[in-house]
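Enquirer: Numbering (our numbering), first residue to last: 415 to 675. Even glycine gets a Cβ: it sits at the ideal position worked out from N, Cα and C. As the structure is a computational prediction, the values presented were derived from the model and not from experiment. Take this structure first; my questions come after.
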DNA sequence: ATGGTTGCTTAGCAA
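Here's what the structure looks like:
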């Protein structure tokens, strides 16, 4: 894979079955090498792998009924697939899927939302993030080529939130959860988007309600975090806001990053 | 700036 580019994308689709036509049309337009999906909301048996196969993408899936679910669609072979964190914690949610693609290790990540600060779901979110850090420490080194792609349900900085004063009391931008992301990143992870974009007001998620998207009332909670061993190879990073437009869109936009390997 | 939607699965939950 030396000397070739790897275009990696990630998209919380909020049900792959409800979004199938949009996703295939987007794949045809963008032709990424890899697309990580979150919130597929479908069992592995019912995942529309044949449809993606017809578009040239192999499906690697880790799903469950109704909720959560992650997948990796790839035009290149995927090897060394891992599902979940394989630690001692009781956790039935399908939120982490890894595979080796084109000279990098790629994870599709769906961090728990957390619902409300102080709730059980919130504690689960914080614990899950701590477990992910432990997973990285156990299985990887920061000088390896690894990228975590997905819906982190955390906005890293003030410029990633349209109204920080309001959102800092919520699960998406509370100081505690921002600190959890900082701690995760201290493994040696770089927010690839910020290698190539400085401006605020660039978001990846907008609430379905209250005309949030046309008013650009959003947050940047979908991230591609690359190890410091891979980040220098990141030559471009973007958010495809176009894909959020119109009726029948996911509430998240796809994000992209290009790596020169 | 949490009323206001969407997608499960079937009235309520999760996001």
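Consult DSSP for residue 599 and reduce its assignment to one of helix, strand or coil.
Expert: helix
Enquirer: Which word fits residue 453, buried or exposed, when buried means at least 16 other C-beta atoms lie within 10 angstroms of its C-beta?
Expert: By the neighbour-count criterion, in which a residue is buried when 16 or more other Cβ atoms sit within 10 angstroms of its Cβ, residue 453 is buried.
Enquirer: What is the DSSP secondary structure of residue 458, reduced to helix, strand or coil?
Expert: coil
Enquirer: Could you pull out every unbroken alpha helix (DSSP H) segment of at least 4 residues lying fully inside the region 556 to 607, listed in chain order?
Expert: Runs found: 578 to 581, 589 to 599.
Enquirer: Identify the continuous beta strand (DSSP E) that holds residue 670 and give its terminal residues.
Expert: It spans 669 to 674 - the beta strand (DSSP E) in which residue 670 sits, taken as one unbroken run.
Enquirer: Would you kindly check if the distance between the Cβ of residue 631 and the Cβ of residue 577 is under 9 Å?
Expert: In this structure, residue 631 lies closer than 9 Å to residue 577 by Cβ.
Enquirer: With DSSP run on the structure shown, which of helix, strand or coil describes residue 447?
Expert: coil
Enquirer: Is residue 441 near residue 475, with beta carbons less than 9 Å apart?
Expert: no
Enquirer: DSSP three-state label for residue 502, please.
Expert: DSSP places residue 502 in the coil class of the three-state scheme, outside both helix and strand.
Enquirer: Under the rule that 16 or more other beta-carbon atoms within 10 Å means buried, what is residue 557, buried or exposed?
Expert: exposed
Enquirer: What's the call for residue 597, buried or exposed, on a 16-neighbour Cβ count within 10 Å?
Expert: Label assigned to residue 597: exposed.
Enquirer: Given a cut-off of 9 Å on the beta-carbon distance, is the pair residue 649 and residue 612 in contact?
Expert: Against a cut-off of 9 Å, the Cβ pair of residue 612 and residue 649 comes out as no contact.
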